[in-house]
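In my numbering, the protein residues as written are 30 to 160.
Structure first, then comments.
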């Protein structure tokens, strides 16, 4: 009878250790890595320029040749690796969205050093490599 409880307790302990290992906190990203040009991986006509002075410029080139653009400010929270674009406007070929607000993409750095801003689960803005 005692061995059943011991096995059950061991199993619970192992499951807790495994669960905790998957819940490790991400390493904070150095804010110095953020400035640069980013382009959407599925549509290079959509780009964001992040400047060291805490401003950004979002530009979208429509298929009809029209260019939509806006500039505002950004801030970064390294404890959660989220970048906040203030007064951000989403663009499509039909024009700007009616939503204007703070957009908080999560920032990732790949093992290869590529900086990525999450747009959606499978779409990212990728930082262009400096030449």
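Backbone N, C-alpha and C fix where the C-beta goes; we use that ideal spot for every residue, glycine too.
These numbers were taken from a predicted model, which means no experiment stands behind them.
Residue closest to residue i, alpha-carbon to alpha-carbon, out of the options
i: residue 129; options: 63, 88, 117 and 67; result: 117
i: residue 60; options: 81, 115 and 114; result: 81
i: residue 121; options: 95, 83 and 55; result: 95
i: residue 111; options: 64, 147, 87 and 85; result: 147
i: residue 108; options: 67, 135 and 143; result: 135
i: residue 124; options: 144, 142 and 92; result: 92
i: residue 88; options: 119, 113 and 71; result: 119
i: residue 57; options: 138, 83 and 66; result: 138
i: residue 149; options: 140, 64, 62 and 133; result: 133
i: residue 98; options: 126, 140 and 62; result: 126
i: residue 90; options: 72, 55 and 104; result: 72
Beta-carbon spacing of residue i, residue j below 7 Å
i: residue 115; j: residue 100; result: no
i: residue 84; j: residue 113; result: no
Whole-angstrom C-beta distance between residue j and residue i, which should lie under 8 Å
i: residue 69; j: residue 152; result: 7 Å
Whether or not the region 63-77 and the region 150-158 are in contact is what I'm after, with contact meaning three or more pairs of Cβ atoms, one per stretch, closer than 8 Å; do they touch?
Judged by Cβ distances under 8 Å, the region 150-158 makes contact with the region 63-77, as three or more pairs qualify.
Which runs of the beta strand (DSSP E) fall wholly inside the region 60-143 and span at least 3 residues, in chain order?
Fully enclosed beta strand (DSSP E) runs of 3 or longer: 65-69, 72-79, 84-90, 96-106, 111-121, 124-132 and 136-138.
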